[in-house]
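This report concerns only the one structure given below.
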Amino acid sequence: MRPVRLLHRDEARAIRGVLFDLDDTVLTAGVLTRASYDALWDLHDAGLALVAVTGRPSSWGLLLTRQWPLAGCVTENGAIYSVRAGAEVILRDPCDGAERSARRARLAQLVDRVRHLVPEARLADDDDGRRSDVAWDIAERMQLPREQVRVIKAEIEAAGARPMQSSVHLHASFDVDDKASGALAFCARELQCDPASALVSFAYVGDSANDAACFGAFRTTFGVANVRAHLGALTVPPRYVSTKTMGAGFAEIARELLTKRQAST
């Protein structure tokens, strides 16, 4: 990983939009700070398309797309997204109603099995806003021991579902999309940017293991400083890293990107 100050102005100038994680990237311990919110508006005012790409529920995506300066929000680790269409916000779920109901039933059975195996485990407090996955709280309101996290992961895999871990949650889903494929689908359908072009014209900012697909796919990738704690779970680390953590790190990355873009004109 290279310090973010080494971002070249030509690479900055080629960026059309910024994709970014929420928890521990834009949010600092769950809080949207003034620095990171100002950074979002600065990026937006510079003409960059902004898309949140998060493990948080689709219900969050609808709200954030309405209230933040975003083109849309890819949620539940890539499975479902919301998009701004004029004054309207639209939710897009590629799974039809019958199949979604069947997958929800299988997830409910998985939750019951985990409840018996790991009684201490608790679902995330945003679980009722989810459509495609379930999430256990492993480091947000409580700290679940690593061995118990491993037990839950094994049960998820035994059920034929996919486990995904963020800095705060352990997710299970029967959907196949990850953050990278979900983000590329959004760029193609909603921003009319083909995947090959999006991989080089959109930057990605993240911090943890469920950002791995995006760190490996996009050309220009940034990690906030706390990504160092998750490098063992990343096959490909981000290309650049900030000196500051979480929201302050996101603001640092935004400033560097905008400064280099201005220097190139």
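Count along the sequence shown from 1, then add 10; that gives the number in our numbering.
Built from N, CA and C at the ideal position, the CB exists for glycine as well.
Whose C-beta lies closer than 8 Å to the C-beta of residue i among residues of the same chain, with five residues either side of it excluded?
i    : result
F30  : V36, L60, V61, A62, V63, Y214, V215, G216, F260
H18  : K270
A108 : none
A243 : Q175, S218, A219, A222
T253 : P13, V14, A235, G259, E262
P247 : M11, F225, G233, V237, L241
Within the same chain, show all residues whose beta-carbon is closer than 6 Å to that of residue i, passing over the 5 residues directly before and after it, in chain order.
i    : result
S274 : Residue placement at S274 is flagged as unreliable, the pLDDT there being 47, under the threshold of 50; the coordinate-derived value follows with that caveat. Once the five neighbours on either side are set aside, the close Cβ partners of S274 are R19, R23.
T43  : G257
T75  : G82, C83, S92, R94, V99
A193 : L29, V63, V84
My output table needs one value for residue i: the three-state DSSP class, helix, strand or coil.
i    : result
F30  : strand
H54  : helix
S218 : coil
V237 : helix
T277 : Because the chain spans 11 through 275 in this model, residue 277 falls outside it and cannot be assessed.
T269 : helix
R141 : coil
L117 : helix
L127 : helix
P67  : coil
L17  : coil
V186 : coil
L194 : helix
G242 : helix
Q158 : helix
C203 : coil
G226 : helix
Shortest alpha-carbon distance to residue i belongs to which of the options?
i    : options                : result
I148 : L32, R160, L241        : R160
N220 : A182, F196, A195, A235 : A182
A168 : D136, F184, Q272       : F184
A258 : Y47, L58, M174, V124   : Y47
D143 : W78, M152, A164, L180  : L180
A134 : S177, R113, A227       : S177
R141 : Y91, D34, E130, R172   : Y91
D300 : S69, D106, V124        : Since the first residue shown for the chain is 11 and the last is 275, residue 300 is missing from the structure and cannot be characterised.
L32  : M256, A164, L16, C197  : M256
D288 : A56, T75, I25, G65     : This structure does not reach residue 288, given that the chain is present from 11 up to 275, and the question cannot be answered.
E150 : A193, A112, A39, L72   : A39
L73  : L101, A227, V210       : L101
A89  : R116, R76, P67, S207   : P67
L58  : R26, Q77, L42          : R26
H126 : D136, R113, E165, D106 : E165
T245 : G226, A115, R76        : G226
R116 : V186, W78, A171        : A171
G71  : V210, L194, D106, D136 : D136
M11  : A45, Y250, R110        : Y250
Say yes only if the C-beta of residue i is nearer than 8 Å to one or more non-hydrogen atoms of the ligand MG, and no if none qualify.
i   : result
P79 : With respect to small molecules bound, the structure shown includes none, and the ligand MG cannot be examined in it.
Below 7 Å CB to CB, which residues in the same chain sit around residue i once its five sequence neighbours on both sides are set aside?
i    : result
V128 : Q158, V161, I162
A264 : A49, D52, L53
A223 : D188, K189, A190
A131 : V124, W146, L154, Q158, I162
E266 : V14, R15, L17
Could one say the Cβ of residue i lies closer than 9 Å to chain C's Cβ atoms, at least one of them?
i    : result
Q158 : Looking for chain C here will not work: only one protein chain is present.
Give me whichever residues DSSP pairs with residue i in a beta bridge.
i    : result
G82  : V61, V93
M256 : M256 is not bridged to any residue.
L180 : W146, Q175
Y250 : R12, F232
L133 : W146
R102 : Y91
T43  : Looking at the DSSP assignment, T43 forms no beta bridge with any residue, so it has no partner.
A213 : V28
L37  : D33, L42
Exercise. Would you say the stretch 117-124 touches the stretch 69-87, given that touching needs at least three Cβ pairs under 8 Å?
Worked result: no
For this session: Check whether the stretch 68-84 touches the stretch 195-205, counting contact only when three or more Cβ pairs, one atom from each stretch, lie closer than 8 Å.
Result: yes
Problem set entry | Stretch pair the stretch 93-101 + the stretch 232-245: three plus CB contacts closer than 8 Å | no
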